[in-house]
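**Student:** My questions will all concern the structure given below.
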Amino acid sequence: MTYKDIILSLNMIEAELNDAVLMLGPGSSESQLSIDCAVNGINELRHNLESKVSREQKDHNELYNIK
């Protein structure tokens with residue numbers, strides 16, 4: 059699985075969680091809080107992956123003197 063595949067999977071999971079929030083009824087604050095925490099975790103993972111990909115691309119470009 060490539061970084062791109064992982065990021066795409068995270069985006070799909072986030073969309074499903076957002077849909078779940080929309081389907082929650084009144085008085086579901088604990089469930090919404092759990093979903094919000096999961097979405098925050100996904101966003102953090104995505105950010106870390108994107109940063110890693112960016113660093114690896116920069117390292118590759120510097121190694122091969124690509125501008």
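Note that the working numbering has the sequence shown beginning at 59, numbered continuously upward.
A virtual CB, placed ideally from N, CA and C, is assigned to each residue, including glycine.
Provide the residue span of the alpha helix (DSSP H) that contains residue 109, from first to last.
**Tutor:** Start at 1 with the first residue of the sequence shown, and residue 109 comes out as number 51. Here the alpha helix (DSSP H) through residue 109 covers 87–121.
**Student:** What first and last residue would you give for the alpha helix (DSSP H) that runs through residue 62?
**Tutor:** Numbered from its first residue, the sequence shown carries residue 62 at position 4. 61–81 is the extent of the alpha helix (DSSP H) around residue 62.
**Student:** Counting pairs of beta carbons, one from the segment 86–95 and one from the segment 107–123, are three or more of them closer than 8 angstroms?
**Tutor:** With the cut-off at 8 angstroms, the segment 86–95 and the segment 107–123 do not touch.
**Student:** To which residues of the same chain is residue 96 closer than 6 angstroms at the C-beta, ignoring the five residues directly before and after it?
**Tutor:** In the sequence shown, the residue the question calls residue 96 occupies position 38. Around residue 96: 75.
**Student:** Tell me whether residue 105, by its Cβ, gets closer than 7 angstroms to a heavy atom of the ligand SAH.
**Tutor:** The model depicted lacks the ligand SAH and carries no ligand whatsoever.
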